Every structure is written in C-alpha cells, then in structure tokens.
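Quick mapping for you: the protein sequence lines, in order, are chains A and B. In terms of the numbering used here, the first sequence has 188 at position 181, counting the first letter as 1, and numbering is strictly consecutive. In terms of the numbering used here, the second sequence has 167 at position 20, counting the first letter as 1, and numbering is strictly consecutive. Accompanying notes for the structure given below.
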Amino acid sequence: MKSTQYSEKTLEHFRNPRNVGTLEGPNVAVGRVGNPVCGDMMDIYIKVTDDDRIEDIKFQTFGCGSAVATSSMITELVVGMQLDEALKVSRGDVADALDGLPPIKMHCSNLAADALHEAIKNWRAGVKPEDATTTPVEKSCHPRPAAVVEVEIANLDDYEGKGVFKELKAPSELADQRVVVLDSGDRAAQAAIDLTDHTGRVVLMTTGKEPSVSSAMRSALRLSDVKVLAEAQPLELRGEGELERILVHDLNEDEEYELTADAFVVLK
Amino acid sequence: MAATDTFADIVYGDYQSSKPVDPRVVEAMLPYFGRTFGNAASLHGVGDAATAALEDARARVARFIGADPAEIVFTSGATEANNLALIGYAQRNRHKGDHIVITEAEHISILNIAKYLEKSGFRVTRLPIDLYGRVSAKKLRARITDDTILVSVGWASNEIGTIQPIAEIAELLAGTGIVLHSDAVAAEGLVPIDVSQVPIGLMSLSSNDIYGPRGLGALYVRKGVAVAPVLLGGGQERGIRSGTEDLAAIAGMAAAADIMAAEMPADVARIKAIRDRLVERVLAEIPDSHLNGHPIERLPNNAHFRFEAVEGEAMVLSLRDADVAASTGSACSSKTLEPSHTLISCGLLHEEAHGSLEFTFGRFSKDDDVDRIMAVLPGVIARLRELSPLYEKEPA
C-alpha cells in the first residue's frame, strides 16, 4: 500500500485539523513526542479541571499527513474525558477512529496517543509546559546506543590542513564548502556568520541546547543563514585523505550519525 | 487523444517519475500491433519485415546518442539496462579485478545492484558528492586502485537535478582500462548526449524518459566492451539480452528519439524558462525557502526546494488537493522511511531533508503552470507552518 493511500477520514482531518494551537494558564500541561530528525514531532496541550477532566485540548504537529490527522483525531476523542479514561485511548483507537492507517504509518506517525499520555503524565508530575517542550524527547526513530561521550575528537590532528582549521585566516578559501564550526563562544559564531558570505552551508555545532554566545550574537545568528546544530557532540573525523564526514553523537536522541562536511573549524 | 489533454485540469510537475507518451509516438507504434507483428527471428517474410523494422529502429536510437547501431542492446527498461551494465560487466571481467566505484548520488537501482555485487564478492566504493551533489574527478582519482574495473556515475541526478562532470571523468579514465558506465535516464532529452564525443563504455537509457512507451530501455555497449548476459534464453540482441524483442515498443522509442532530436533545443528552452520562473518566484515569495542542488549545473527541468519546518509528504498531499502534482524526498513518502540519501550526502540534516519538494517539468508543461503553482504553494507552506511547533516566526 502506498504511504499516501489514506482513508477519506484521515484526509479530511489533515485538510481541516481540529484544535490547532497552544494553551496557556495554570491548569495546562504539555506532552511532546517525536523528533524532527524522524520527520514527525507533536505537542499536545491539555487544560485540566479540578475534577481531573480534560476541559480543553490543542496540538501543534510537524509531520506528514497521518501525523497531523492522528493529532487532530485524538483531540476530538478525548475532550471532556476523565484523565484515567483518556489514558486508555491507544494508538489503535486513534487509527480505528480514522478508518485505519496505511501499515507503514502505524508505528511511525501514530504518535498522538503517546503525546496525550505524556501530557497527562506531565500534568500529574507537575511538569510545567515550558519544561515539557524542552526536556529530551524520549522516542527515537532509530534507537542506537551511542558511544561514551568524550570531548576528545578522534583524528582531529590527522586532518589538520586536510579540512580541519584551527584558525580562520581567509574565509574565502572555504567558498562553496560544507563548513562545520564548533561552538566556542562569540568568536566562533562570528566566524560562522562571516563564512555565510562565501558558502551556502555553514553549521554551528554545539553540545549545548543553544550556542554559548551573548544575547546579541544569538540574535545575529538567528538572522543569519547559519544552521545551528544543538546537542551534537563530534566524535570522529572520517574521509579518504581529506575530511569528508564527521561522526556526530546526537546527545538528545543518544544516537550516532554521519554529517557530510568539507571543513571543520575548531578555533583555539 | 493528445497527451496534453491529460493535463487540462492539473498542473503536472513530476516528469522525473513518469512522462506521458507523445501522441506521435503512439501513432508510430500502432502498425506493430497489426500488420507488422512478426518475430524478428523467423525466416519467413513476416519475420523479415520485423527484422527490418527492428534494425531500422536500432539505427535511429543509435543516431540519437551518436552511437553505432551494433552498440545498442534493447532491454525492458533502464533498471534492466543498469543490471546488465553493472552485473554483466563485473561478472564478465572479474579476472581483471574486483573493485567497482559508484557515487552517493546514484538512483536506487544502481545502489541496490551495488549491494548485490558486494554480496557476490565485489568491493564497492561510494564516491562522495559536494554541497551541490557533484562528484569530483580528483576524489575519484584518489579512490581508483589496480583492482578497479568499473566506475558508474549517473549523468545527472533524477532527484536534485545536478549534472555530473561526465566528460571530465571519462577523460580521467580513458586509457586506464577502467570502464565508465553512466545511467543517463534523468539527463536524456534534457542535455546533449553524444557518445562519439565522450569516451564512455556503457550507458543506460529509458524510452519513457524521451516520451516513448514504458517497459523499454536500452544499454549502449561500446565496441570492445564485453558484458555477460543477465537474462538467458534464445540469444537475441547478439546473445547479450535474450527474449523476443518488443517491436512496437522499440519502434516507439525510435520515434521518440527522432522527435526529441528534432525538437530538443526549442523544448528545453521553453521548459527551462518555466523552471527558472518558478525558482525565482519561490525563493522571492516564500520565506525560509532554499534551492537544493547546483545553481547552474542542473537539469533545465528541475526545481528542488527545501522549506524550513514543514514536512514533504504533507506538502505533496496539500498540493494534490489543489490539483498540483509534485514529489518529495521526505522519509514519510518512501517505503523505507529514510529520507533521500542524495540530500543527506549533500550535507543536509535529516530534519532538513524531510522538508524537500521537487518539481520537474516537461514537453507538455504549460506556461501558466508556474502561476497556478504559486497561487497555492505559499498558502500550503503557511498553513503547515501554522500547524508546526518548529516554525519560529521571523524575529521582529
């Protein structure tokens, strides 16, 4: 079955999603599941009455047709329900309510029930919405245990002059290259911004949730074409004679992946 | 029954995945379902007529790419041509070495054939691509060994449209004994291909990609390059590809090649103007949009975009509701749930590759297609960003 062979009901919810948005106030909790890396991420907001009833519910979703439709459907299913009752609503119930989902979409995009359960869990644990949307996402699309985090980057010295730059004398040398700049404060961020005059691809990689820069620099970064890659720990440099790929530990997902790069700037 | 009628109501922007058969090609095929139905192997008059038609078609397809008729082997499509080129050449020439080089920008048919060859004991190196999807002769040179027998580089990417420096690579390999194969499916009919000018050993073609019928392709096999058959049987196509030739389809491909040879310059100029206008308007009118692939060295019909904080399948579905057909490299639309390998190799992060949207134009694209796309696309992106927790509005 093609991934796009959705039921009419699924398509209808995708076209006209119910309860899109966010909620605020003292009686609100949020559940966030998924990850943009996997192609789906959703936030479900619930407003709970004193007698444990879901008085209002909203969602925001990044993802494919079924990700949007399942989010929309679950908000309709559980509004007005007691929390205990809502916890019993499963992924299968959501899929059934949509007249089924293509098999390939069942586990990957049907995260709405998980997001709701997460919201209820956060409500009961007293987790505030602003904390719930920044805490690490638990669901992973490709769970793979990552290696122990070491600040030491393997092969860094081997690639010096072959893609590794410990100082940046002439940014124009890196024209049209995929450049990764390791976060070390405002100087590195400024170097990254300067490089965008010469190449369309500049990544500022930081192990933190945000680069360790001043607030002025943060605004400058946001306005620039620099792609900030947060919670990423470079582990090892790879390539045939010159730098071609950086092995990265995704600290949020706890998994490893290779990022294609021609230049790695690690300012002293 | 003009092919253009098919698109009266919709904007078809997915020529890379399938093209309509030109009505003139259909016309040229019809006699082979009737009077000229023979088997080219038969000795009687009906068979002779078939042989004459087959060889006439072969000569016309050969002329389209600057080849000798004896260098054309008809197959059931480009996938089979790729199988015959890589598996057939590797097996026939194993005594010379066991190393094959492909690129990270190849079509999935080449990637999967390479995996099969690895299981069969060959070593495969995957050549990296740059930011724009191009390979470099320099990086290729560093990977060639004494055991290398075959290098396969697609003429252009069907996905991001980047054109490879084939002539430069062919030049590098000339005289080394290493054969160059190119899957030219994405490029045929869009850029000039002349094997009398480029020293290439093997090249895969598809009939549908020049507006001929589906289910037919061809492998160009330069004189002196030996391949073992992959399909065994009655020894048709000089023993390289068994199976009675599909004469109607072959006549169709020949007609398609003739039409393309005559009309390509005007066709391409018109298609490129449509594509250029779309790229210009999207980048100017839709915030946080990017063009993937090479800015200049790209197929004239290809526009491949990336939109921040939206997912590709959701875009394609929304456009479908507005009668616009497009495609995406997002994982959510693929069978494997992996995003496009080409975009990842270009250096995009997974979450960026999910936001890709591809338009490809062709012979029956209309001048107002861009206006019709732009009447809906900005709204589609805006709506999905409204839904998305990832989209940060531009700071005031």
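Cβ atoms here follow ideal geometry from the backbone N, Cα and C, with glycine treated the same way. Since the model is a prediction, treat every value here as computed from it, not as a measurement.
The C-alpha of Met176/B is placed about 40 Å away from the C-alpha of Arg241/B. With a threshold of 8 Å between beta carbons, Glu174/B makes no contact with chain A. Judged by DSSP secondary structure, Val517/B falls within the alpha helix (DSSP H) whose first and last residues are 516 to 534. Residues of the region 460 to 472 of chain B that bring their beta carbon within less than 9 Å of a beta carbon in chain A comprise Glu460, Ala461, Val463, Leu464, Ser465, Arg467, Asp468, in sequence order. Using beta-carbon distances, Gly494/B counts as an interface residue toward chain A, with a partner under 8 Å. Taking a cut-off of 8 Å on C-beta distances, the region 70 to 86 of chain A touches the region 453 to 470 of chain B, as three or more cross pairs fall below it. Under the Cβ criterion of 8 Å, Arg453/B is not counted among the residues facing chain A. With the criterion set as a beta carbon lying under 7 Å from some beta carbon of chain A, the region 505 to 522 of chain B has no members that meet it. The residue from Arg252/A, Asp50/A, Leu202/A, Gly246/A with its alpha-carbon nearest to that of Val27/A is Asp50/A. Within chain A, Gly46, Phe69, Gly70, Cys71 have C-beta atoms less than 7 Å from the C-beta of Glu458/B, given in sequence order.
The alpha-carbon separation between Lys216/A and Asp257/A amounts to approximately 11 Å. Leaving aside the five residues that flank Val209/A on each side, the residues in its chain whose CB is nearer than 6 Å to its CB run, in chain order, Val186, Ala199, Leu202, Thr203, Val233.
Residue nearest to Glu444/B within the set Thr292/B, Trp302/B, Lys285/B is Trp302/B (criterion: CA-CA distance). Contact with chain A is absent for Pro434/B, since none of that chain's Cβ atoms lies less than 8 Å from the residue's Cβ. Put simply, the backbone Cα of Tyr179/B is about 9 Å away from that of Ala396/B.
Rounded to the nearest angstrom, the gap between the Cα atoms of Val426/B and Ala413/B is 20 Å. Looking at the backbone, the Cα of Tyr279/B and that of Asn305/B are separated by about 14 Å. In this structure, Ala408/B lies near Phe211/B, with their beta-carbon atoms less than 8 Å apart. For Leu236/A, the chain B residues whose C-beta falls within less than 9 Å of its own C-beta are Leu496, listed in chain order. Glu533/B belongs to the set of residues whose beta carbon lies under 8 Å from a beta carbon in chain A.
Annotated three-state conformation of Leu211/A is strand, per DSSP. In terms of CA proximity to Glu251/A, Glu251/B leads the group Tyr358/B, Glu251/B, Asn448/B.
When DSSP states are grouped into helix, strand and coil, Tyr264/A belongs to the strand group. In the structure shown, the three-state DSSP call for Glu62/A is strand. Between Val517/B and Arg428/B, the gap from beta carbon to beta carbon is short of 8 Å. Within chain A, the residues whose beta carbon sits less than 9 Å from that of Ser477/B are Gly46, Cys71, listed in sequence order. Within the same chain, Cβ atoms closer than 8 Å to the Cβ of Asp215/B are found at Ala209, Lys370, the five residues on either side in sequence being excluded. Cα atoms of Ile276/B and His488/B: separation of roughly 11 Å, rounded to the nearest angstrom.
Chain A places a beta carbon closer than 8 Å to that of Ala289/B, counting this residue as a contact.
At the C-beta level, Val368/B and Val168/B stay beyond 8 Å of one another. Taking the CA atoms as reference points, Lys286/B sits about 13 Å from Lys169/A. Taken atom to atom, the span from the alpha-carbon of Leu320/B to that of Leu327/B is near 7 Å.
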